[in-house]
Every structure is written in C-alpha cells, then in structure tokens.
C-alpha cells in the first residue's frame, strides 16, 4: 500500500493511499484530558518526535452505550480518556487548495466517535474531490458538566472549536484550503456545527454549514438547571466536592451519569442530562437571536431531516408517543429545520433543504426513515451498518441512492450547490423546493 506523509504543526504523520484517497487517522489535536486536564479546556498537544503512524483511529472518548444502538447497531467499547482527542483526515491524493469538511458526529452529547467506520470519509472525499475530517470531542459528564467549582464550560464545544482551528491551521498539509471550510455534522453534531458557525469565537473560520437532523428545537440548557444537575451528579458519584471527580476512574463517572439519566429523564423528550449551556462557550445566545442578528449571513446552508425522526426514540423508550401524527409533530418541533431554513433564506442567503424518505425494509417495528437513517447514505458506508435495524436489507437501488446522496453532500462542500443536476435553492413557503431523498 502506498504511503503519504503530511507535516503538521504538531509533527509528521504517515498516511496510506487507497483508490486515490490518502487517509490519516488518529491525529492528536489537543492534549489528553487526563489528570489536572480533566474538566479543563482543551490544551495544545506536545509535538511528537519522529513520524506518527496514521493507520488507526484513536480511542473514543469515555462513554456508555448509545441509547440508539438497537436502531443503529452496537459498537464494541473502545474508549480511553488518554489519547481520545484525535481527528481523522481523508484527502484526494495529490490534492491542493481543496474545500474541506470538518464533520462532527451525533450521539446526544453522550456518545459517539469520529473514528468509527460509520463515518469513514473516503467515499465522501472521492465523490467531490474534497478533504473530509472527523473528530472526537468530550461527551457526557466529561464534556458537559457545568459547575462553578469546576470552572467547566461547554468543554465538548471547546474541543470542537480547537479541532476546527487545528484544521484551519493545518489544512494545507492535507491539500485543503482553509478559506473554504464547510462545518458539518449530524444530530448533536449538526447542533454543534450551527453554533460553531454562529459563535464569535469560531464564525470567522466557517464558509458554509451542513446540518443533518440537528435538534434545533432544544434550546441550550439553562444554567441553573445545569448546575442543579451537576450537584445531583456529584452526589450520585459519591463525593462531596465536585473537584473530587477528577480523582475518580472514568468508569465511575459513567456509572454516575447513567444513574443521573435514570432520575432526570422526562417522557417524550430526548434531551440528555447534560448538554451545551446557554451563555457558555459557543452557545452564547440562542441560535434564533444570532440568525435574526445576521450572524450567519453570507454562509451557504445545506440543512435537512429524515421523514420519521422520532420513531428511533420510541423504539428504545416506550414512553414516547406511538401515534404517527404525534411523532411527526414532535419531530417537527424538536428538529426545527424549517424555521432555520426560512430565516436564513428570508435574509437573502443560499439555502438547500432536504428530507430523507428512504425507509428500512423489512420494518417490523415501524421505524420508517428514522433518525440517523441518512448516515449510511451520506457517507456511502452502507456495509459498515450490517444488521442495523434502521438500514435493513440493502438493494442495488439503495447503493445507487447512496452514491447520489453522498455526491450531493460532497457537491455542496465542493461548489456550494448539492446534486447533479444541482438542487433548486430552497424558497420559504414553497415546500416543493426542498429535495426529497428516496430510491
């Protein structure tokens, strides 16, 4: 297998080339958040000596099982707090000045990893002659605990911002243009991507936004609620002083977070116990205020949803509504896609909207086109989801759909216009201008 070398500000990385795409995995973008750096903002990593082998992704951040594993498929735990803040790069071999997509995974700010094969960026990079980056960020209590005695402030969002800035500073090493960054993500990652594009701390880095099924109807967590949750969490962890959390094993922190979820969950809602806090880093104000103030003006937006967002949550929590109309209404309220598309387009900006309708077959539990069902198609990684209920049987038509949708996403990053032929721009009040994605 052919090797390639990339020289970054942190050191030299060895990647491999397959089918015209150079891949570099497991590149540290921040120091390991261990010891005194647990619950601290991300710090620069120490430059490494020699050549870093980029053959394997780094470990995921500490986390419990995904609540959607019954829908998406189960992942074998691979987490380790030490060495978890890494990113992965896929670049066309010999690329120069190519557009670049830093993309953040979902998981309800509680689980996920940019290193999993679900999000392998090779097909996406090849489809649009673009550079694709995925990154880990701290989730759960390690990423989103908020307590004055710890000084922790939306650490997971700070991780994302550091990854975004690292990508901008090192883009040329992978053949990318730092002036052509589209920040993207799905679910919690889409929520993050929008706020990264809006926040004064990071907005200047962002050229365009890709937002897939972001829960935009979920406002950032009120600070008083976040502090109360943190106090309860400290008690469940069996310590008196929040600072003592730094001395517990990561597994103990996860056990206490599981217990916190059990006592704070509200039927019919999907918000995790801890998530980005209003007024904190990156979520300084609600997105509605930022959009109305023009903070996203001049940035193209590709935004979409799946047809049956809420069925995934009903499948894993029977307390969610089973009435399809009620589920649809709840999904519209939670995901808020149309409100964002309307506001941005009304301000004179270019918006492309879509709804993903491809439903799983067979479908004994009525998932339809559920939350996350678009991911295997956006990345064209169908074979990484073998046995996933949300995907079901894969036909030749499905593989053709994956090529088309992956190409549309890549096309948006590459040119600002998805699809071939290009999609029609979204116009408020004209539902027909939102693309329907199906076989």
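In my numbering, the protein residues as written are 30 to 468. Beta carbons are placed, not taken as given, at the ideal position from N, Cα and C, and that holds for glycine.
Checklist entry - Mapping DSSP to helix, strand and coil, what is residue 360? => result By 1-based counting over the chain shown, the position of residue 360 is 331. Note on residue 360: pLDDT 46, under 50, position unreliable in the model; no value is reported.
Checklist entry - I think residue 63 touches residue 111, with their Cβ atoms under 8 angstroms apart; what is that distance to the nearest whole Å? => result Position 34 of the chain shown, counted from the start, is the residue given in the question as residue 63. Position 82 of the chain shown, counted from the start, is the residue given in the question as residue 111. Residue 63 to residue 111, Cβ: 5 angstroms. Contact.
Item to check | Straight-line gap, residue 412 to residue 423 (C-alpha atoms, nearest Å) | outcome: Sequence index remark: in the chain shown, residue 412 carries index 383 (1-based). Sequence index remark: in the chain shown, residue 423 carries index 394 (1-based). Per the coordinates, the alpha-carbon of residue 412 lies some 9 angstroms from the alpha-carbon of residue 423.
Checklist entry - When DSSP labels each residue in this structure, what does residue 355 get in the three-state scheme? => result Taking the first residue of the chain shown as 1, we reach residue 355 at position 326. Bear in mind that a pLDDT of 47 at residue 355, under 50, signals an unreliable position, so the number given afterwards is only what the model happens to contain. Helix at residue 355.
Next on the checklist: Tell me the rounded alpha-carbon separation between residue 415 and residue 286.
Outcome noted: On the chain shown, residue 415 is found 386 positions in, with the first residue counted as 1. On the chain shown, residue 286 is found 257 positions in, with the first residue counted as 1. Cα to Cα, the separation comes out at about 30 angstroms.
Checklist entry - According to DSSP, which residues form a beta bridge with residue 43? => result In the chain shown, residue 43 corresponds to position 14, counting from 1. Residue 43 pairs with 34, 82.
Item to check | Segment limits, beta strand (DSSP E) that includes residue 206 | outcome: The count along the chain shown starts at 1 and reaches residue 206 at position 177. Run containing residue 206: 205-215, per the beta strand (DSSP E) assignment.
Checklist entry - Buried or exposed: which applies to residue 103, given that a residue is buried once 16 or more other Cβ atoms fall within 10 Å of its Cβ? => result What you label residue 103 is simply residue 74 of the chain shown in a count that begins at 1. Around the C-beta of residue 103, fewer than 16 other C-beta atoms lie within 10 Å, and the residue is accordingly described as exposed.
Next on the checklist: Could you give the first and the last residue of the continuous alpha helix (DSSP H) run that contains residue 444?
Outcome noted: For the purposes of this step, residue 444 is taken as the residue at position 415 of the chain shown. For residue 444, the enclosing alpha helix (DSSP H) begins and ends at 425-444.
Checklist entry - Going along the chain, which residues of its own chain have a beta-carbon closer than 7 angstroms to the beta-carbon of residue 317, five neighbours each way excluded? => result The residue given as residue 317 occupies position 288 in the chain shown. Excluding residues within five positions, none has a Cβ falling inside 7 angstroms.
Checklist entry - For residue 199, which three-state DSSP category applies? => result Here residue 199 is taken as the residue at index 170 of the chain shown, counted from 1. Here residue 199 sits in helix by DSSP.
Checklist entry - What are the residues that DSSP puts in a beta bridge with residue 295? => result The residue given as residue 295 occupies position 266 in the chain shown. As computed with DSSP, residue 295 is found in no beta bridge at all.
Item to check | Rounded separation between residue 113 and residue 61 - CA only | outcome: Taking the chain shown and counting its residues from 1, one reaches residue 113 at position 84. Taking the chain shown and counting its residues from 1, one reaches residue 61 at position 32. Straight across, the Cα-Cα distance linking residue 113 with residue 61 is about 7 angstroms.
Checklist entry - Which residues in the same chain as residue 362 place their Cβ atom closer than 6 angstroms to its Cβ, once the five residues preceding and following it in sequence are excluded? => result Here residue 362 refers to the residue found at position 333 when the chain shown is read from its first residue. With a pLDDT of 48 at residue 362, under the threshold of 50, the predicted position of this residue should be treated as unreliable, and no value is reported.
Checklist entry - For residue 451 versus residue 128, is the C-beta spacing smaller than 7 angstroms? => result Taking the chain shown and counting its residues from 1, the one referred to as residue 451 is at position 422. Taking the chain shown and counting its residues from 1, the one referred to as residue 128 is at position 99. Contact: no.
Checklist entry - With respect to the alpha helix (DSSP H) encompassing residue 316, which residues constitute its N-terminal and C-terminal limits? => result The residue you call residue 316 lines up with position 287 of the chain shown. Secondary structure note for residue 316: its alpha helix (DSSP H) is the uninterrupted segment 316-321.
Item to check | Touching by the beta-carbon criterion (3+ pairs, under 8 angstroms), the segment 247-265 and the segment 156-164 | outcome: Too few Cβ pairs lie closer than 8 angstroms, so no.
Item to check | Own chain residues within Cβ distance below 6 angstroms of residue 301, not counting five before or after | outcome: As a first step, residue 301 is located in the chain shown; it is residue number 272 there, counting from the start. Beyond the five residues adjoining it in sequence on each side, residue 301 comes within less than 6 angstroms, by CB distance, of 137, 138, 139 in the same chain, given in chain order.
Next on the checklist: For a test of the three-state rule: what should DSSP assign to residue 330, helix, strand or coil?
Outcome noted: Position 301 of the chain shown, counted from the start, is the residue given in the question as residue 330. In the three-state DSSP reduction, residue 330 falls in the strand class (E or B).
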